[in-house]
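Per full-length UniProt numbering, the very first residue in the sequence shown carries number 1; after that it's consecutive.
Beneath this line is the structure, given in structure tokens, with notes to follow.
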Amino acid sequence: MINNKSIFILDTKRFEEIRALRTLLLYPRDVENLSDAGSKMEKIIHHKLLILGSGPAGYTAAIYAARAGLHPALITGIQEGGQLSSTMEIENWPGEMEGLSGPDLMDRMKKHVKRFGTQIIVDHIHTVDFKQSPFYLEGNARYTCNSLIISTGASAQYLGLESEEKFKGRGVSACATCDGFFYRKKKVAVVGGGNTAVEEALYLSNIASEVHLIHRRNSFRAEKILLDRLKKKIEHGKIVLHKECIVNEILGNDMGVTGILIKDTGSDIIEKIDVIGVFIAIGHQPNTAIFKGKLKMKDDYIIVQSGLVGNSTQTSIEGIFAAGDVMDHHYRQAITSAGTGCMAALDAERYLDRVLNSDISKQKLLLKSKNV
């Protein structure tokens, strides 16, 4: 007490932390403008829109979102460029009659994204909290966002052989539609027993001179209509079936794959088959592990709203959208992923326009009531 006046000692650091927390809760989109926040709050980076994943879906979403003035940030994930970063050549991208490599397409998409000002962040998110908005994400840094587009893609499941890893991109593939053309009139093998494996074998039978289909069981899990088509191809000598067999080793040299060793699971007899291409079709695993229990899923794929009234890419949580292979277990093409990325960006734009305009109106009413 000095001259009958109360003197309060202010903890400046604590005051700034409280102010930053208040801003985050009341005005989340302004957190990025807090240069004097407390040390703990400085580590939280806020964006109006975050995009997870740097494949065709993520990059396309970023282009559309940036053009809409949403100032998105894109977090690349572990494998920048997604599955296409390991695809040697793409010949079915519209307008590219001479073809181009997967890495080249991804590099061009990345440059396109940068042209419109999207911030690209090299990080991998491992923790999320969607219980309330702003949504919280954590990797090497911590982030919040008003809206989120999940385009983390899917990873092909492989056999786990050392020789398989050695020849990935040099004869070992997980996509016949992508790479089958390069084996025209050549001998190839397909490994698997579900719809994907049979579809790949049927597709390749129209391109390759001979297709060896290797399945570890005696019966297939594929649909009857596919099995009927498979039977006809076998009768015509286009597909050779090896049931109750597993791939023991993939053979090759500096030029690529030259063959495989398969083992009969009943007799343990080893057989060598000469092929120059091996297509692994034992399934894909969407990269959605961190979203389990937080979003509605089916077989690890994120369920989206779909329908004919827009907002087709919205997940079970308003403001969170999904695009590409995380929500598509059927088509799995670069161009379809890009298309859903566009849709997700448009859906996010409409959502943010509605929600943020509503927030601004509420803030104006609050200020008006305080001034009355």
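All C-beta atoms, glycine included, are put in the ideal place defined by N, C-alpha and C.
Just curious, the alpha helix (DSSP H) that H112 is in, first and last residue?
Taking the first residue of the sequence shown as 1, we reach residue 112 at position 112. Looking at the DSSP string, the run of the alpha helix (DSSP H) that includes H112 is G102 to R115.
Under a Cβ-count criterion, where at least 16 other Cβ atoms within 10 Å of its own Cβ denotes burial, should L202 be classed as buried or exposed?
As a position in the sequence shown, residue 202 is number 202, starting the count at 1. Looking at its Cβ environment, which holds 16 or more other Cβ atoms inside 10 Å, L202 is buried.
Use the C-beta contact count for T127: other C-beta atoms within 10 angstroms, 16 or more gives buried, fewer gives exposed.
If you number the sequence shown from 1, residue 127 lands on position 127. Burial call: exposed.
E210 beta carbon less than 9 angstroms from that of K243:
Walking along the sequence shown from the start, residue 243 turns up at place 243. Walking along the sequence shown from the start, residue 210 turns up at place 210. Going by C-beta atoms, K243 is not nearer than 9 angstroms to E210.
Measuring alpha carbon to alpha carbon, tell me which of L308, K166 and A322 ends up nearest F291.
Indexing the sequence shown from 1 puts residue 291 at position 291. The option with the nearest alpha carbon to F291 is A322.
As a quick exercise: from N140, P94, N287 and H236, pick the residue whose alpha carbon is nearest that of D325.
Sequence index remark: in the sequence shown, residue 325 carries index 325 (1-based). If we check each option's Cα against that of D325, N287 comes out closest.
In whole angstroms, what separates the C-alpha of T313 from that of Q305?
Taking the first residue of the sequence shown as position 1, residue 313 is located at position 313. Taking the first residue of the sequence shown as position 1, residue 305 is located at position 305. About 6 angstroms.
Close Cβ partners of I266 (< 7 angstroms) along its chain, the five nearest in sequence each way excluded:
Taking the first residue of the sequence shown as 1, we reach residue 266 at position 266. Reading the sequence as shown, one finds Gly at residue 266 and not Ile. Excluding positions up to five away in sequence, the list reads E244.
So does the segment 348-358 actually touch the segment 174-187, counting three or more Cβ pairs closer than 8 angstroms?
no
Quick one: give me the first and last residue of the alpha helix (DSSP H) that R229 is part of.
Reading the sequence shown from its first residue, position 229 is the one you call residue 229. Note, R229: alpha helix (DSSP H), K224 to E235.
Below 8 angstroms, can you find three or more Cβ-Cβ pairs linking the segment 140-155 to the segment 95-115?
no
Below 8 angstroms, can you find three or more Cβ-Cβ pairs linking the segment 275-284 to the segment 105-125?
In this structure the segment 275-284 does not lie against the segment 105-125, because fewer than three pairs of beta carbons, one per stretch, are closer than 8 angstroms.
Residue(s) in a DSSP beta bridge with S306
Here residue 306 refers to the residue found at position 306 when the sequence shown is read from its first residue. Its beta-bridge partners do not exist; DSSP assigns none.
Going by Cα to Cα distance, which pick from T60, K48 and H46 is closest to I335?
Position 335 of the sequence shown holds residue 335. Taking only the C-alpha atoms, the option nearest I335 is T60.
Out of curiosity, what's the CA-to-CA distance linking K187 and V275?
By 1-based counting over the sequence shown, the position of residue 187 is 187. By 1-based counting over the sequence shown, the position of residue 275 is 275. Counting only the Cα atoms, V275 lies some 5 angstroms from K187.
Could you name each continuous beta strand (DSSP E) segment of 3 residues or more that falls completely within the segment 312-360, going from the start of the chain to the end?
320-322
Three-state secondary structure assigned by DSSP to P134:
As a first step, residue 134 is located in the sequence shown; it is residue number 134 there, counting from the start. Reduced to three states, the DSSP call for P134 is coil.
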